[in-house]
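In what follows, a structure is listed as structure tokens, so that the remarks can point back to it.
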Amino acid sequence: MTIEWKIKPFEALSVNELYDILQLRSRIFVVEQNCVYLDLDGKDKVALHLFGIFDGKVVAHARLFKSGISFDNASIGRVTVDPDYRERKWGHELMKEAIAGILEHFGESQITIGAQLYLKKFYESLGFVQSSEMYLEDDIPHIEMVRE
Numbered sequence: 001m002t003i004e005w006k007i008k009p010f011e012a013l014s015v016n017e018l019y020d021i022l023q024l025r026s027r028i029f030v031v032e033q034n035c036v037y038l039d040l041d042g043k044d045k046v047a048l049h050l051f052g053i054f055d056g057k058v059v060a061h062a063r064l065f066k067s068g069i070s071f072d073n074a075s076i077g078r079v080t081v082d083p084d085y086r087e088r089k090w091g092h093e094l095m096k097e098a099i100a101g102i103l104e105h106f107g108e109s110q111i112t113i114g115a116q117l118y119l120k121k122f123y124e125s126l127g128f129v130q131s132s133e134m135y136l137e138d139d140i141p142h143i144e145m146v147r148e
């Protein structure tokens, strides 16, 4: 069985899809990373939501933004893969789907991300290049990265 990718604007998400996405993000960004922050930042309503379903469960998610919302360029954020499925390397597949989704839905190829520093090599393998000095976001080291 393979992962099924879906991409939807906020208003097209079912209540169950939204709940599962938010539960996954909370599990990763709040519990796993031990970081108290407000995940619901108001941007979900203007994002395209890319998510992967495996065996009836949301196991991966990313938000896609057109230029001017998070950065001057189009952007990808809240990249998450369920820890129980990380050995399947779906993070690479998720990011490839996200890059393709931005091109297809927004017609943009230049993408900026705010990446956690420890994931620099992962994003470099997908064509992103560091474009800022390290900065702290919610006490976690981050860098901006750009893909042309």
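Counting along the sequence shown from 1, when you hit position 113 you're at 113 in UniProt numbering, and nothing is skipped either side. All C-beta atoms, glycine included, are put in the ideal place defined by N, C-alpha and C. Just so you know, these numbers come straight off a predicted model, no measurement behind them.
C-beta contact flag for residue i and residue j at 8 Å
i, j, result
"Leu38", "Ile7", "no"
"Leu24", "His61", "yes"
"Asp44", "Arg63", "yes"
"Ile69", "Val46", "yes"
"Ile102", "Glu108", "yes"
"Leu50", "Glu17", "no"
"Phe122", "Ala74", "no"
Backbone CA spacing between residue i and residue j [nearest angstrom]
i, j, result
"Asp72", "Ser125", "23 Å"
"Gln110", "Met95", "14 Å"
"Gln130", "Tyr85", "27 Å"
"Asp55", "Tyr135", "38 Å"
"Thr2", "Glu137", "34 Å"
"Tyr19", "Val58", "10 Å"
Same chain, Cβ closer than 6 Å to residue i, neighbours up to 5 away in sequence not counted
i, result
"Ser132", "Ile143 and Glu144"
"Gly91", "Val81"
"Phe128", "Met145 and Arg147"
"Ile53", "Glu4"
"Ser14", "none"
"Phe10", "Asp44 and Lys45"
Neighbourhood of residue i by C-beta distance below 8 Å, restricted to the same chain and skipping five residues each side
i, result
"Asp139", "Cys35"
"Glu32", "Pro83"
"Ile76", "Ala62, Arg63, Leu64, Phe65, Met95, Ala98, Ile99, Ile102, Ile111 and Ile113"
Nonlocal neighbours in the same chain, by C-beta distance under 7 Å from residue i, ignoring five residues either side
i, result
"Arg88", "none"
Unbroken stretches of the alpha helix (DSSP H), 4 residues or longer, contained in the UniProt domain "N-acetyltransferase" (8-148):
15-25, 90-106 and 120-124
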